[in-house]
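Residue numbers (the numbering used here): 501 to 654.
We put the beta carbon where it would ideally sit given N, CA and C, even for glycine.
Report on the following structure.
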Amino acid sequence: MSTKTPRINYSHNWNNKLMCIAHTTIRPRNDEKFIVGRIFDICLDGEVIGEGIIRTIVHFKLYQLNETMAQIDTGYDRQTAIEMMKKVYAGCRYDYDTQDFSLITIRMPDTRVPYCIPTLLKKTDPQACLFPESEGMSRHPSAHEIFEHNQQPA
Numbered sequence: 501m502s503t504k505t506p507r508i509n510y511s512h513n514w515n516n517k518l519m520c521i522a523h524t525t526i527r528p529r530n531d532e533k534f535i536v537g538r539i540f541d542i543c544l545d546g547e548v549i550g551e552g553i554i555r556t557i558v559h560f561k562l563y564q565l566n567e568t569m570a571q572i573d574t575g576y577d578r579q580t581a582i583e584m585m586k587k588v589y590a591g592c593r594y595d596y597d598t599q600d601f602s603l604i605t606i607r608m609p610d611t612r613v614p615y616c617i618p619t620l621l622k623k624t625d626p627q628a629c630l631f632p633e634s635e636g637m638s639r640h641p642s643a644h645e646i647f648e649h650n651q652q653p654a
């Protein structure tokens with residue numbers, strides 16, 4: 501049996517959710533893989549950005565996806581989110597009327613999230629710079645510092 505940490509891979513940071521301490525993911529139901537309490541490496545485009553632990557799992561049929569679930573998970577309205585899910589899993593040949601999906605809540609340790617933010621921003625915008633080096637930032641900024649920085653007038 502392998503002791504390697506399992507991975508949850510994201511190809512896109514939908515709704516910038518990976519910058520949050522807790523986020524959701526919608527996946528086809530897999531009771532062997534997705535278990536409350538299980539720890540995963542959270543990856544974006546194959547690169548580990550942190551560790552996360554599954555906190556909750558809610559199963560549903562795709563037609564039961566509601567506006568709240570769609571907006572929080574993808575940032576899109578319900579219908580667009582359903583269409584996206586069908587495209588993402590097009591090669592799986594699911595019967596979307598009967599296939600169970602899972603809305604999974606994942607929590608990343610509080611201390612890890614601020615450290616992954618620069619990595620996530622660089623993936624979104626390679627030229628991104630949170631704080632100019634002239635401001636004396638020799639460490640990763642805290643989530644509070646990032647919020648304060650973003651509130652300053654340009």
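Exercise. Leaving aside the five residues before and after residue 598 along the sequence, list all residues of the same chain whose C-beta is less than 8 Å from its C-beta, in chain order.
Key: 561
Quiz item: The beta strand (DSSP E) with residue 598 in it runs from where to where?
Solution: Residue 598 -> no beta strand (DSSP E), and no H or E assigned at all.
Quiz item: What is the DSSP secondary structure of residue 552, reduced to helix, strand or coil?
Solution: strand
Self-check item: Beta-carbon contacts of residue 581 that lie in its chain and below 6 Å, excluding the five residues immediately before and after
Solution: 570 and 574
Self-check item: residue 538 - containing beta strand (DSSP E), residue span
Solution: Where residue 538 is concerned, there is no enclosing beta strand (DSSP E), given that its DSSP letter is neither H nor E.
Quiz prompt | Where residue 631 falls: helix, strand or coil (DSSP) | solution = Low confidence applies here, because residue 631 scores a pLDDT of 47, under 50, leaving its location unreliable and the question unanswered by this model.
Quiz item: Where does the unbroken beta strand (DSSP E) through residue 525 begin, and where does it stop?
Solution: 522-528
Exercise. Kindly identify the DSSP beta-bridge partner or partners of residue 607.
Key: Per the DSSP secondary-structure output, residue 607 pairs in a beta bridge with 522 and 553.
Quiz prompt | Minimum C-alpha distance to residue 563 - residue among 572, 600 and 532 | solution = Comparing C-alpha distances from residue 563 to each of 572, 600 and 532 shows the shortest one belongs to 600.
Quiz item: Which word fits residue 552, buried or exposed, when buried means at least 16 other C-beta atoms lie within 10 angstroms of its C-beta?
Solution: Label assigned to residue 552: buried.
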